[in-house]
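Here the structure is laid out as structure tokens; the discussion comes afterwards.
In our numbering, the protein residues as written are 34 to 559.
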């Protein structure tokens with residue numbers, strides 16, 4: 034078997050001037066700062082629309098609203114595009130939890146997604162469990178029927194974060210980011226799994242068999258914060274309805290309320306709670322969807338510049354920072370460009386993704402369908418691949434842009450350095466050469482397409498995925514600046530004579546072996 038490494042550029046690197054259109058920048062700044070609508074947009078999304086769990090009824094209502102909003106600001110080719118079978122919808126309709134013995138307290142919690150409700154209001158005795166290994170299971174056999182079990186260890190509260198918050202980047206930190214590539218350390222071999230350890234799925238199945246009524250947990254280290262995702266195994270079974278209905282309810286609780294119950298139980302004093310959970314589980318499988326809209330280009334209208342943010346959230350709050358703030362920024366950027374009657378040469382397309390929180394599903398499937406991936410022989414390039422210029426993303430909270438990451442594409446440094454100049458007064462000064470991950474620019478980047486995430490101050494909001502992420506936590510002046518900057522970046526990208534240059538792609542070609550009759554395979558090598 035022979036292996037050959039082939040490196041190529043998908044575009045020839047063009048020598049092009051990246052001049053700033055100062056007159057258009059002035060219009061963008063004037064519109065974005067003097068007639069901004071971003072506060073109203075963010076307020077409506079957080080206060081009226083609320084949480085948007087992927088494929089939920091809440092998400093469907095939100096997508097219908099954003100289509101109307103895109104029409105209002107004058108976008109065209111607006112589309113709600115399905116991208117994959119996403120199983121059954123899940124929505125929480127009502128939740129209440131109270132400690133009623135030995136003292137009364139209204140507790141703060143939230144049911145985990147894709148778990149069922151319970152039959153009416155129930156009074157339950159709380160029992161603490163400490164299960165790590167299969168041997169631990171035997172200690173609880175026959176003792177759990179009808180109980181509410183404390184299933185996770187007591188969380189340790191991050192007192193430093195609570196006292197001091199998260200500071201903005203200092204000039205020294207920005208300088209360090211600009212000078213260091215921060216290469217990712219090589220991954221070592223994974224340690225073999227201990228067969229005696231009990232997984233969350235195995236533990237929950239044991240609780241089910243033992244007749245437990247509800248599982249209580251806390252995975253938050255922040256005061257007053259509930260962090261809750263989806264039940265263990267929900268993604269693996271494709272959000273199957275039977276798996277949801279047959280599972281036990283799981284309730285995530287704030288660390289201080291959870292730890293209070295543990296301390297009481299550890300004194301051998303009984304704890305009783307009153308609990309009610311109502312959930313709505315869909316009757317039919319359906320597809321998750323992205324929402325798209327455009328500003329039409331002129332002489333290069335068949336070429337595309339994109340900007341976007343993930344529209345989906347978790348369900349315990351409106352998730353103002355993650356990522357309603359990013360959605361508001363991108364909608365405002367499109368509104369600004371329409372309001373100043375910008376005439377881009379390329380079509381500018383906004384994408385509001387779904388399924389990001391569960392694994393970048395919406396953006397990945399969109400890239401595969403519309404542009405393809407030369408690194409994957411089963412997908413290959415699509416017609417739109419050569420007509421794509423760049424994608425700009427926001428998803429690192431609501432902090433203001435302090436620069437942009439090159440995503441290891443040094444060929445765009447000159448362009449970004451030039452386009453940042455009009456915003457030095459806003460603190461937009463830093464180029465980070467390194468790649469960053471974990472959000473919707475990654476599927477574009479993996480396909481060899483220019484895609485970028487802005488460098489943002491780490492302030493505002495309460496962190497994603499909590500019950501505390503509301504409008505009041507967002508620094509509005511920061512996101513106003515972000516909308517102005519991204520509007521300018523996408524406009525200048527759309528006006529270039531040639532698309533933004535791409536970094537090289539290296540493909541590892543492996544000749545067929547007798548064991549593999551399917552033909553040659555190619556794998557990406559960064």
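Cβ coordinates follow ideal geometry from the N, Cα and C atoms, glycine included.
These figures come from a predicted structure and were not determined experimentally.
Is it right to say residue i is buried, meaning 16 or more other beta carbons lie within 10 angstroms of its own, or is it exposed?
{"i": "residue 546", "result": "Bear in mind that the predicted position of residue 546 carries a pLDDT of just 42, short of 50, making it unreliable; the figure below should be weighed with that in mind. It is exposed - the Cβ of residue 546 has fewer than 16 other Cβ atoms within 10 Å."}
{"i": "residue 265", "result": "buried"}
{"i": "residue 46", "result": "Its pLDDT being 48, under 50, residue 46 is placed unreliably in this model, and the value from its coordinates should be taken loosely. It is exposed - the Cβ of residue 46 has fewer than 16 other Cβ atoms within 10 Å."}
{"i": "residue 391", "result": "buried"}
{"i": "residue 223", "result": "exposed"}
{"i": "residue 81", "result": "exposed"}
{"i": "residue 120", "result": "buried"}
{"i": "residue 381", "result": "buried"}
{"i": "residue 561", "result": "Absent from the structure is residue 561, since the part of the chain shown begins at 34 and ends at 559."}
{"i": "residue 210", "result": "buried"}
{"i": "residue 52", "result": "exposed"}
{"i": "residue 281", "result": "buried"}
{"i": "residue 204", "result": "exposed"}
{"i": "residue 505", "result": "exposed"}
{"i": "residue 75", "result": "buried"}
{"i": "residue 331", "result": "exposed"}
{"i": "residue 163", "result": "exposed"}
{"i": "residue 336", "result": "buried"}
{"i": "residue 385", "result": "buried"}
{"i": "residue 67", "result": "exposed"}
{"i": "residue 302", "result": "exposed"}
{"i": "residue 183", "result": "buried"}
{"i": "residue 482", "result": "buried"}
{"i": "residue 359", "result": "buried"}
{"i": "residue 350", "result": "buried"}
{"i": "residue 213", "result": "exposed"}
{"i": "residue 139", "result": "exposed"}
{"i": "residue 137", "result": "exposed"}
{"i": "residue 549", "result": "Caution is warranted here: a pLDDT of 39 is assigned to residue 549, below 50, making its placement in the model unreliable, and no coordinate value can be reported."}
{"i": "residue 535", "result": "buried"}
{"i": "residue 60", "result": "buried"}
{"i": "residue 396", "result": "buried"}
{"i": "residue 572", "result": "Shown here, the chain extends from 34 to 559; a query on residue 572 therefore has no answer."}
{"i": "residue 50", "result": "exposed"}
What residue range does the alpha helix (DSSP H) around residue i cover?
{"i": "residue 114", "result": "Unbroken run through residue 114 is the beta strand (DSSP E), 109 to 118; no alpha helix (DSSP H)."}
{"i": "residue 504", "result": "First-last for residue 504: undefined, no H or E at that position."}
{"i": "residue 399", "result": "394 to 403"}
{"i": "residue 159", "result": "Counting along the chain, residue 159 falls outside any alpha helix (DSSP H), though it belongs to the beta strand (DSSP E) covering 155 to 161."}
{"i": "residue 564", "result": "Nothing can be reported for residue 564, as the shown portion of the chain is limited to 34 through 559."}
{"i": "residue 49", "result": "It is not in any alpha helix (DSSP H) - residue 49 carries neither H nor E in the DSSP assignment."}
{"i": "residue 73", "result": "71 to 76"}
{"i": "residue 233", "result": "233 to 242"}
{"i": "residue 206", "result": "204 to 212"}
Would you kindly report the start and end of the unbroken beta strand (DSSP E) that includes residue i?
{"i": "residue 173", "result": "No beta strand (DSSP E) holds residue 173; DSSP gives it neither H nor E."}
{"i": "residue 91", "result": "First-last for residue 91: 90 to 105, but that is the alpha helix (DSSP H), not the beta strand (DSSP E)."}
{"i": "residue 384", "result": "379 to 386"}
{"i": "residue 177", "result": "Neither: residue 177 is in no beta strand (DSSP E) and is coded neither H nor E."}
{"i": "residue 249", "result": "247 to 250"}
So what does residue i bridge to, in DSSP terms?
{"i": "residue 421", "result": "337"}
{"i": "residue 138", "result": "132"}
{"i": "residue 123", "result": "314"}
{"i": "residue 537", "result": "Looking at the DSSP assignment, residue 537 forms no beta bridge with any residue, so it has no partner."}
{"i": "residue 531", "result": "Answer by DSSP bridge pairing: none, since residue 531 is not bridged."}
{"i": "residue 489", "result": "434"}
{"i": "residue 260", "result": "499"}
{"i": "residue 143", "result": "285"}
{"i": "residue 86", "result": "Looking at the DSSP assignment, residue 86 forms no beta bridge with any residue, so it has no partner."}
{"i": "residue 19", "result": "Nothing can be reported for residue 19: it is not among the residues displayed for the chain, which extend from 34 to 559."}
Quick check on the DSSP output: what are the complete beta strand (DSSP E) runs of length 3 or more inside the stretch 434 to 486, in order along the chain?
434 to 438 and 463 to 465
Contact between the stretch 94 to 113 and the stretch 317 to 335 is defined here as three or more beta-carbon pairs at a separation below 8 Å; is this criterion met?
yes
List, from N- to C-terminal side, the beta strand (DSSP E) runs of 3 residues or more that fit wholly inside the stretch 276 to 362.
283 to 286, 305 to 314, 320 to 328 and 333 to 343
Inspect the CB distances between the stretch 513 to 531 and the stretch 277 to 294 and report whether three or more fall short of 8 Å.
no
Are the stretch 230 to 243 and the stretch 153 to 168 in contact at 8 Å, needing three or more beta carbon pairs?
yes
Any contact between the stretch 479 to 491 and the stretch 419 to 428? By contact I mean 3 or more CB pairs, one from each, below 8 Å.
yes
Assess, as a yes-or-no matter, whether the stretch 432 to 449 is touched by the stretch 457 to 469 under the definition of 3 or more beta carbon pairs within less than 8 Å.
yes
Are there three or more Cβ pairs, one per stretch, closer than 8 Å when the stretch 515 to 522 is compared with the stretch 81 to 100?
no
Segment contact flag, the stretch 240 to 248 with the stretch 120 to 129, C-beta cutoff 8 Å, min 3 pairs:
At 8 Å Cβ cutoff, the stretches do not touch.
Sufficient close CB pairs (3 or more, under 8 Å) joining the stretch 310 to 318 to the stretch 134 to 152
Touching, yes, given that three or more Cβ pairs across the two stretches are closer than 8 Å.
Do the stretch 502 to 516 and the stretch 442 to 453 make contact, defined as three or more Cβ pairs closer than 8 Å?
no
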